[in-house]
Structure formats: C-alpha cells, structure tokens
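Some notes on the structure that comes next.
Numbering (the numbering used here), first residue to last: 1 to 189.
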C-alpha cells in the first residue's frame, strides 16, 4: 500500500494518486475468512469501529431498502484532485520538535510496557503524527497540539499492539490500554 504499486504475476503497476485502501472487517464472525497477519494490520493507518446505528437510522435504512438500492443515490463529495489538495494541506500542518518527540515517546511507551506483548512499529509513529496533523487541520489549526496526539493515539495504535494475557490488564481492550498509556507520557510544555 505504502509503495503505491501493485505486482501481478511479477509485473509491477504504478497506482494513480490519490491511492488509498479502505477495508471492512466483521469482528464478530470470522468463519470463512482469514485474520490479517500482524504485519499487514500495521499497514492500515487507523482502525475504527462504527458500532450500531440509532433506532431511527436503522428504521430509515429498512424503509429505504424496500424500494431501492442505496448505492443508486451515491454522489461524490469531492474529486481526486481535491483529495490530493487535502492530503497536501495535512502534510503542511506544522509539527514542532517537542511534538515530534512527544509522538516518539508515546510510541516507544508501547514498546516499554509489560502490559503489551508487542508495541507499535515505526510505521505507527509515522501514522500517529500524520493522523494528528489531519486532526489539527480539521480543527482549523496550522499546527499539531498534544491533544491531537492523545486523540489520535488509540485509533492509530490499537490495531498495532497486543495486550499481554495473564496480566491485570488482560480484560481491557487495546484501545483502553492505549488511552491510559498515552495519558502516562509527559506532555511537552
């Protein structure tokens, strides 16, 4: 994914910009599917859980599906050129040396704790910062704050770590462990 190319039968094909991959996973039922290896999970920037929709939204979905297929009404929100411009705007969000060090400290904390079997990789460090830049931009800021790192930490890192079994934290989700871990890292002033 990161290389922006695909290889089929030994032939490499460059992929157009913008290039991104969105995957879905049903965490409840894995029958007939294969779990992604840890190294492949690490290649996804974030892992989000949408949860269940509200009763009102569920009823709306039900009634809408009686007469048509929802995909028939889909309309683009932005075009490819606009997406590339947005990606460039994210990259332009300022990151101070203190914030860069804070990102490194947060990710290294995932590797230094006994609570986690495996900590986040350097790819997690890169993605944590990039996602924090996106959060800053969405908040109409031109710079990253520690709050952006704290908000991004669990969604960017949870699928990259494994909670160690047999510890008092074993009942916690990776997201819960990471929220505590991120809070424990000293914030730059």
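Cβ atoms here follow ideal geometry from the backbone N, Cα and C, with glycine treated the same way. Computed from a predicted structure; not experimentally measured.
Straight-line Cα distance separating residue 139 from residue 151: 12 Å
Taking 8 Å as the cut-off, does the stretch 114–133 touch the stretch 156–166 (at least 3 CB pairs, one atom from each stretch)? yes
Per DSSP, what kind of secondary structure is residue 3 in: helix, strand or coil? Residue 3: coil per DSSP, three-state reduction.
Label residue 102 either buried or exposed according to how many other C-beta atoms from any shown protein chain fall within 10 Å of its C-beta, with 16 as the threshold for buried. buried
Count the other CB atoms within 10 Å of the CB of residue 173; is the residue buried (16 or more) or exposed (fewer)? exposed
Got a sec? Which residues, its chain only, sit under 8 Å from residue 13 by beta carbon, not counting five neighbours each side? 5, 6 and 7
So, using beta-carbon positions, are residue 185 and residue 109 closer together than 9 Å? yes
Can you tell me whether residue 102 is helix, strand or coil according to DSSP? helix
Please report the straight-line C-alpha distance between residue 10 and residue 3, rounded to a whole angstrom. 15 Å
Here's a check: name, in chain order, each residue in its chain whose Cβ is nearer than 7 Å to the Cβ of residue 18, leaving out the five neighbours to either side. 80, 83, 84 and 87
Can at least three beta-carbon pairs, one atom from the stretch 31–51 and one from the stretch 114–123, be found at a separation below 8 Å? yes
Shortest alpha-carbon distance to residue 117 belongs to which of 189, 165, 105 and 77? 165
From the DSSP output, which residues share a beta bridge with residue 11? 8
With DSSP collapsed to three states, give me the class of residue 45. coil
Distance, residue 96 Cα to residue 55 Cα: 44 Å
In angstroms, rounded to a whole number, what distance separates the CA positions of residue 77 and residue 147? 28 Å
Using beta-carbon positions only, say whether residue 143 and residue 93 come within less than 9 Å of one another. yes
Can you check DSSP and say which residues form a bridge with residue 118? 162
Report yes if the CB atom of residue 149 is closer than 9 Å to the CB atom of residue 182, and no otherwise. yes
Have a look at the DSSP bridge pairing and note the partners of residue 143. 94
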